[in-house]
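*Asks:* Heads up: the sequence shown begins at 0 in numbering that gives the first Met the number 0, then just goes up one per residue.
Backbone N, C-alpha and C define an ideal beta-carbon position, used for all residues, glycine too.
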Amino acid sequence: MAEINQRGIKRHNPLVNCSWAGSAKEPVSVMNQIVIRNLDDEILQRLKQIAWQDGRPFEDMARRLLVEAVRSRASRLRMAHLELHD
């Protein structure tokens with residue numbers, strides 16, 4: 000279920016309308032989605048080309064690139080933090 004925050008932005012709450020597992024009332028994993036608006040056509044075509052060259056579905060390639068970017072950023076932030084406290 001989506002909710003509107005104070006800025007009028009629609010946000011999905013993954014714990015609303017989810018299934019519950021067992022008697023411990025632990026939420027079951029929910030599939031998340033994002034919509035990326037205003038993505039340059041050239042970038043979109045390049046992503047599709049990369050996916051095709053790697054023999055992967057476009058959605059899988061986009062997911063992998065997002066995960067890699069987040070992990071890379073987290074790693075850089077950890078390294079910068081360590082350098083500051085060295």
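Rounded C-beta distance between A68 and L46? I'm assuming under 8 Å.
*Replies:* Position 69 of the sequence shown, counted from the start, is the residue given in the question as residue 68. Position 47 of the sequence shown, counted from the start, is the residue given in the question as residue 46. A68 to L46, Cβ: 13 Å. No contact.
*Asks:* The alpha helix (DSSP H) with H80 in it runs from where to where?
*Replies:* Numbered from 1 along the sequence shown, position 81 holds the residue referred to as residue 80. Start and end: F57 to L83.
*Asks:* Quick check: the Cα distance between Q44 and H84, rounded to an integer number of angstroms?
*Replies:* Numbered from its first residue, the sequence shown carries residue 44 at position 45. Numbered from its first residue, the sequence shown carries residue 84 at position 85. Distance between the alpha carbons of Q44 and H84 is about 43 Å.
*Asks:* May I have the straight-line CA-CA distance separating A20 from R63, to the nearest angstrom?
*Replies:* Here residue 20 is taken as the residue at index 21 of the sequence shown, counted from 1. Here residue 63 is taken as the residue at index 64 of the sequence shown, counted from 1. Reliability fails at A20, whose pLDDT of 49 lies under 50, so the model's placement of it is uncertain and the value that follows must be treated cautiously. A20 and R63: Cα-Cα distance of roughly 28 Å.
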